[in-house]
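Written out below as structure tokens is the structure these notes cover.
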Amino acid sequence: MTRTLTCIICPRGCTLQAEINGDSVSVSGNACKRGEEYGRSECLHPVRTVTAVIRVENRPDCALSVKTAQPIAKEHIFDLMAVLRGMTVKAPVAIGEVICDNIYGTQVIATGSVE
Amino acid sequence: MKNHDIVIIGGGPAGMAAAVAAFDSGVRDVVIIDREDNLGGVLKQCIHNGFGLHKLGKELTGPEYAHVYAQQVRERGIKVYSGTTVTRITSDKIVTATNTDGILKIQAKAVVLAMGCRERSRGALNISGTRPAGVYSAGTAQKLINCDGYMVGKRVVILGSGDIGLIMARRMTLQGAKVEAVCEILPYSGGLTRNIVQCLEDYGIPLHLSTTVAEIHGSERLEGVTVAQVDQNRAPIESTRRYIPCDTLLLSCGLIPENELTLNAGIELDKVTGGAVVDQFRQTSIDGIFACGNVLQVHDLVDHVSDEAECAGASAAKYVLGNPSECGRITTCAGEGVRYVLPQRVLLSGEQVSLYLRVREPQTGVKLVVKSGERIIKTFPRLKAAPGEMEKLDIPMSLLSDADKTLTVSMEVQ
Numbered sequence: 015m016t017r018t019l020t021c022i023i024c025p026r027g028c029t030l031q032a033e034i035n036g037d038s039v040s041v042s043g044n045a046c047k048r049g050e051e052y053g054r055s056e057c058l059h060p061v062r063t064v065t066a067v068i069r070v071e072n073r074p075d076c077a078l079s080v081k082t083a084q085p086i087a088k089e090h091i092f093d094l095m096a097v098l099r100g101m102t103v104k105a106p107v108a109i110g111e112v113i114c115d116n117i118y119g120t121q122v123i124a125t126g127s128v129e
Numbered sequence: 055m056k057n058h059d060i061v062i063i064g065g066g067p068a069g070m071a072a073a074v075a076a077f078d079s080g081v082r083d084v085v086i087i088d089r090e091d092n093l094g095g096v097l098k099q100c101i102h103n104g105f106g107l108h109k110l111g112k113e114l115t116g117p118e119y120a121h122v123y124a125q126q127v128r129e130r131g132i133k134v135y136s137g138t139t140v141t142r143i144t145s146d147k148i149v150t151a152t153n154t155d156g157i158l159k160i161q162a163k164a165v166v167l168a169m170g171c172r173e174r175s176r177g178a179l180n181i182s183g184t185r186p187a188g189v190y191s192a193g194t195a196q197k198l199i200n201c202d203g204y205m206v207g208k209r210v211v212i213l214g215s216g217d218i219g220l221i222m223a224r225r226m227t228l229q230g231a232k233v234e235a236v237c238e239i240l241p242y243s244g245g246l247t248r249n250i251v252q253c254l255e256d257y258g259i260p261l262h263l264s265t266t267v268a269e270i271h272g273s274e275r276l277e278g279v280t281v282a283q284v285d286q287n288r289a290p291i292e293s294t295r296r297y298i299p300c301d302t303l304l305l306s307c308g309l310i311p312e313n314e315l316t317l318n319a320g321i322e323l324d325k326v327t328g329g330a331v332v333d334q335f336r337q338t339s340i341d342g343i344f345a346c347g348n349v350l351q352v353h354d355l356v357d358h359v360s361d362e363a364e365c366a367g368a369s370a371a372k373y374v375l376g377n378p379s380e381c382g383r384i385t386t387c388a389g390e391g392v393r394y395v396l397p398q399r400v401l402l403s404g405e406q407v408s409l410y411l412r413v414r415e416p417q418t419g420v421k422l423v424v425k426s427g428e429r430i431i432k433t434f435p436r437l438k439a440a441p442g443e444m445e446k447l448d449i450p451m452s453l454l455s456d457a458d459k460t461l462t463v464s465m466e467v468q
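Chains as they are written, first to last, in my numbering: chain A, 15 to 129; chain B, 55 to 468.
Encoded structure:
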């Protein structure tokens with residue numbers, strides 16, 4: 015089976031052709047190595063980095079921005095969002111702090127700071 | 055009146071990078087004036103990732119990218135007047151600003167304009183209908199959700215498919231809203247293809263091209279919008295009108311460089327870019343006043359903003375440290391298929407000059423041709439070109455030494 019994909023790794027957005035044979039995928043049209051990896055992953059097991067905000071208990075006037083340290087499986091995105099929506103942290107939080115350890119195989123870390 | 059060597063107006067990505075570059079070029083007395091409480095500008099609300107690949111070699115979110123530069127500003131001890139709004143700049147570089155302490159006047163030796171841009175509003179779009187709550191510019195909604203922690207609606211229509219509109223479609227969906235449609239008046243999206251894929255296609259959000267919002271309905275809160283396809287003159291086609299119930303309409307219909315201060319100072323503006331007319335050192339029509347970032351031209355990528363701001367900051371430092379030698383100058387102009395070229399003036403100085411431009415329409419298999427009169431200076435082939443993706447053409451200065459007074463850049467189909 016052949017799939018045409020748009021690489022989302024960088025703004026260049028290469029159009030990729032992926033030839034899929036069971037577990038092996040050969041990718042063409044990519045300008046760099048990361049495109050090849052993206053093409054393979056997108057065909058076998060698509061993943062995305064998720065970014066979101068979570069509530070800060072003692073600072074009702076602001077939200078804390080967070081991201082997954084690694085991309086997670088696409089099918090878990092909404093489950094993760096549901097967890098994050100129900101979560102609160104307590105300020106102060108510094109950028110880079112781990113907010114949630116080991117969730118869907120990765121960490122959730124703060125991308126901003128709240129004093 | 056206070057005195058500072060270089061005053062930078064704006065503490066977003068452009069202002070921060072300009073300040074750091076000015077400092078690193080040898081001027082120690084650099085200050086940033088920022089109307090917000092924290093540095094970072096619009097990056098603070100852009101919590102999605104994809105920033106910094108080109109400039110920092112890693113993929114960061116907006117707040118993280120801002121943090122890198124804010125840190126550099128802090129490390130250098132660059133003074134930041136935060137919560138301070140500049141109200142006036144004069145041609146002799148007196149900057150007037152206001153904050154809770156009162157009015158501040160600074161005599162600067164050089165000024166860097168880095169005020170960014172604003173979103174086109176509903177008023178400017180002339181959408182007919184009522185004026186209910188629930189109509190937001192996409193960036194306002196983004197700030198409310200990402201910085202202030204409010205959710206703005208549950209059932210959403212987005213007008214405009216530029217990157218902010220696309221990013222917000224995904225953001226609203228992830229926060230639990232249903233995005234009914236993204237409508238785009240043009241026959242193509244102005245956003246990056248990767249954003250159409252990862253923001254719309256990933257979540258099954260329909261993109262309707264050549265479609266606009268013809269009417270807004272609802273008395274207190276938005277109840278729905280009438281969308282319609284448009285003809286070649288972008289006028290809604292009556293027979294295609296259809297009603298979409300929704301409680302929220304986000305407008306992502308273009309950004310306008312915020313140049314009221316620039317205009318007031320008597321600086322020449324470019325009608326197409328909406329920003330100042332500059333040379334390749336980002337100096338405006340007034341000596342010692344420089345411009346960079348979205349106040350100069352609306353960029354697609356913050357990495358390019360940082361690059362441009364570093365150029366402006368370093369140029370401002372050079373201006374403060376000594377007079378540049380006189381050299382010849384030529385002007386650039388946009389030819390067939392090209393909307394604008396920046397810088398508008400090229401000084402015949404330095405090793406090479408980078409011309410930035412946007413094409414008028416998406417096209418595949420093209421070449422961008424730089425000409426002096428009838429003579430071709432350089433040709434740049436491109437597999438594809440689109441208005442949403444700024445082009446950069448590097449031209450060795452040696453090719454321009456005997457060029458005419460005007461350089462024209464046009465797009466030709468190969």
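Quick reminder that beta carbons are idealized off the backbone N, C-alpha and C, glycines included. Please read all numbers here as calculations on a predicted model, not as lab measurements.
Problem set entry | Whole-Å CB distance - residue 88 of chain A paired with residue 61 of chain A, under 8 Å assumed | Taking the first sequence and counting its residues from 1, one reaches residue 88 of chain A at position 74. Taking the first sequence and counting its residues from 1, one reaches residue 61 of chain A at position 47. 6 Å between Cβ atoms; contact.
Exercise. So with Cβ pairs under 8 Å, would you call residue 248 of chain B a contact of chain A?
Worked result: Counted from its first residue, the second sequence places residue 248 of chain B at position 194. At least one beta carbon of chain A lies nearer than 8 Å to the beta carbon of residue 248 of chain B.
Exercise. If you draw a straight line from the C-alpha of residue 107 of chain A to the C-alpha of residue 111 of chain B, how long is it?
Worked result: For the purposes of this step, residue 107 of chain A is identified with residue 93 of the first sequence, where counting begins at 1. For the purposes of this step, residue 111 of chain B is identified with residue 57 of the second sequence, where counting begins at 1. Going from the Cα of residue 107 of chain A to the Cα of residue 111 of chain B covers about 26 Å.
Problem set entry | Proximal chain B residues relative to residue 79 of chain A, where beta-carbon distance stays under 7 Å | Within the first sequence, residue 79 of chain A is the residue found at index 65, counting from 1. Residues of chain B whose Cβ lies closer than 7 Å to the Cβ of residue 79 of chain A are, in chain order, 101, 115, 117 and 200.
Exercise. Leaving out the 5 sequence neighbours to the left and right, which residues in its chain are closer than 8 Å to residue 385 of chain B when beta-carbon positions are compared?
Worked result: In the second sequence, the residue the question calls residue 385 of chain B occupies position 331. Only residues of its own chain outside the window of five on either side were considered, and among them 398, 399, 400, 459, 460 and 461 have a CB closer than 8 Å to the CB of residue 385 of chain B, listed in chain order.
For this session: Compute the distance between the beta-carbons of residue 441 of chain B and residue 421 of chain B, then report whether it is under 8 Å.
Result: Position 387 of the second sequence, counting from 1, holds the residue named residue 441 of chain B. Position 367 of the second sequence, counting from 1, holds the residue named residue 421 of chain B. In this structure, residue 421 of chain B does not lie closer than 8 Å to residue 441 of chain B by Cβ.
Problem set entry | Stretch-stretch touch, CB-based, cutoff 8 Å, three pairs: the region 244-264 of chain B with the region 159-172 of chain B | Fewer than three Cβ pairs drawn from the region 244-264 of chain B and the region 159-172 of chain B lie within less than 8 Å of each other, which leaves the two stretches out of contact.
Exercise. Based on Cα-Cα distance, which residue from B:280, B:185 and B:133 lies nearest to residue 213 of chain B?
Worked result: Against the second sequence, residue 213 of chain B aligns to sequence position 159. Nearest of B:280, B:185 and B:133 to residue 213 of chain B, Cα basis: B:280.
Exercise. Going along the region 352-382 of chain B in order, which residues come within less than 8 Å of chain A, judged by CB to CB distance?
Worked result: So the close ones are 354 and 355.
Exercise. If you draw a straight line from the alpha carbon of residue 231 of chain B to that of residue 207 of chain B, how long is it in whole angstroms?
Worked result: Position 177 of the second sequence, counted from the first residue, corresponds to residue 231 of chain B. Position 153 of the second sequence, counted from the first residue, corresponds to residue 207 of chain B. Those two C-alpha atoms are separated by around 7 Å.
Exercise. When burial is assigned at 16 or more other CB atoms within 10 Å of the CB, is residue 59 of chain A buried or exposed?
Worked result: Within the first sequence, numbered from 1, the residue matching residue 59 of chain A stands at position 45. Classification of residue 59 of chain A: exposed, given that the 10 Å Cβ count is below 16.
Exercise. Counting contacts by CB-CB distance shorter than 8 Å, is residue 203 of chain B in contact with chain A?
Worked result: Taking the second sequence and counting its residues from 1, the one referred to as residue 203 of chain B is at position 149. Residue contact with chain A for residue 203 of chain B: present (Cβ-Cβ distance below 8 Å to some residue of chain A).
Problem set entry | Residues bridged to residue 387 of chain B (per DSSP) | Taking the second sequence and counting its residues from 1, one reaches residue 387 of chain B at position 333. According to DSSP, which records beta bridges pairwise, residue 387 of chain B is partnered with B:462.
For this session: Run down chain B in chain order and give the residues with a C-beta less than 9 Å from the C-beta of residue 109 of chain A.
Result: The sequence position of residue 109 of chain A within the first sequence is 95, counting from 1. Those are 117, 118 and 121, listed as they occur along chain B.
Problem set entry | 8 Å Cβ cutoff met for residue 68 of chain B and residue 347 of chain B | To locate residue 68 of chain B, count along the second sequence from 1; it is residue 14. To locate residue 347 of chain B, count along the second sequence from 1; it is residue 293. It is a contact, given that the beta carbons lie within the stated cut-off.
For this session: From the DSSP output, in three-state form, read off residue 117 of chain B for me.
Result: The sequence position of residue 117 of chain B within the second sequence is 63, counting from 1. If DSSP states are grouped into helix, strand and coil, residue 117 of chain B belongs with the helices.
Exercise. Between the C-alpha atoms of residue 11 of chain B and residue 112 of chain A, what's the straight-line distance to the nearest angstrom?
Worked result: Within the shown structure, residues of chain B are numbered from 55 to 468, placing residue 11 of chain B beyond reach of any answer.
Exercise. Is residue 153 of chain B helix, strand or coil when you go by DSSP?
Worked result: In the second sequence, residue 153 of chain B corresponds to position 99, counting from 1. Of the three classes helix, strand and coil, the one that applies to residue 153 of chain B here is strand, per DSSP.
Exercise. Would DSSP call residue 247 of chain B helix, strand or coil?
Worked result: The residue labelled residue 247 of chain B in the question sits at position 193 within the second sequence. Helix at residue 247 of chain B.
For this session: List the DSSP bridge partners of residue 183 of chain B.
Result: In the second sequence, residue 183 of chain B corresponds to position 129, counting from 1. Under DSSP, residue 183 of chain B forms a beta bridge with B:270.
Exercise. Tell me, which residues are paired with residue 47 of chain A by DSSP?
Worked result: To locate residue 47 of chain A, count along the first sequence from 1; it is residue 33. None; residue 47 of chain A has no bridge partner.
Exercise. Using CA coordinates, which residue listed in A:86, A:114, A:129 and A:30 is at the minimum distance from residue 99 of chain A?
Worked result: As a position in the first sequence, residue 99 of chain A is number 85, starting the count at 1. Checking every option, the nearest Cα to that of residue 99 of chain A belongs to A:114.
Exercise. Where does residue 224 of chain B land, buried or exposed, given buried means 16+ other C-beta within 10 angstroms?
Worked result: Numbered from 1 along the second sequence, position 170 holds the residue referred to as residue 224 of chain B. The residue is buried, with at least 16 neighbouring Cβ atoms inside 10 Å.
For this session: Measure how close the beta-carbons of residue 101 of chain B and residue 62 of chain B come, nearest whole angstrom, since I'm counting them as under 8 Å.
Result: Position 47 of the second sequence holds residue 101 of chain B. Position 8 of the second sequence holds residue 62 of chain B. Contact doesn't hold; Cβ gap of about 25 Å is too wide.
For this session: Measure the CB-CB distance between residue 261 of chain B and residue 254 of chain B and report whether it falls below 8 Å.
Result: Taking the second sequence and counting its residues from 1, one reaches residue 261 of chain B at position 207. Taking the second sequence and counting its residues from 1, one reaches residue 254 of chain B at position 200. Contact check for residue 261 of chain B against residue 254 of chain B passes: the beta carbons are separated by less than 8 Å.
Problem set entry | Residues near residue 182 of chain B in its chain [Cβ-Cβ closer than 8 Å; skip 5 each side] | The sequence position of residue 182 of chain B within the second sequence is 128, counting from 1. The answer, listed in chain order, is 268, 269 and 270.
Exercise. Looking only at C-alpha atoms, which of B:465, B:371, B:173 and B:196 sits nearest to residue 525 of chain B?
Worked result: Any question about residue 525 of chain B goes unanswered here, given that chain B covers just 55 to 468.
For this session: Let me know the secondary structure DSSP gives residue 292 of chain B once reduced to three states.
Result: Stepping through the second sequence from its first residue, residue 292 of chain B is reached at position 238. In the structure shown, residue 292 of chain B falls within a helical segment according to DSSP collapsed to helix, strand and coil.
For this session: Could you name the residues of chain B that residue 95 of chain A contacts, counting a contact when the two beta carbons are closer than 8 Å?
Result: Residue mapping note: residue 95 of chain A aligns to position 81 of the first sequence, counting from 1. Under the 8 Å cutoff, chain B gives 228, 229 and 230.
For this session: Check whether the Cβ of residue 447 of chain B lies closer than 8 Å to any Cβ atom in chain A.
Result: As a first step, residue 447 of chain B must be located in the second sequence, where it is residue number 393. Closer than 8 Å: no.
Exercise. Hey, how far is the Cα of residue 216 of chain B from the Cα of residue 416 of chain B?
Worked result: In the second sequence, residue 216 of chain B corresponds to position 162, counting from 1. In the second sequence, residue 416 of chain B corresponds to position 362, counting from 1. Each residue's Cα considered, the two are about 14 Å apart.
For this session: Give, in chain order, every unbroken run of the beta strand (DSSP E) that is at least 3 residues long and sits entirely within the region 315-399 of chain B.
Result: As for any beta strand (DSSP E) of minimum length 3 sitting wholly inside the region 315-399 of chain B, the runs are 343-345, 383-388 and 392-396, ordered along the chain.
For this session: Go to residue 66 of chain A, then tell me how far its beta strand (DSSP E) extends in each direction, as first and last residue.
Result: The count along the first sequence starts at 1 and reaches residue 66 of chain A at position 52. Per DSSP, residue 66 of chain A belongs to the beta strand (DSSP E) from 65-70.
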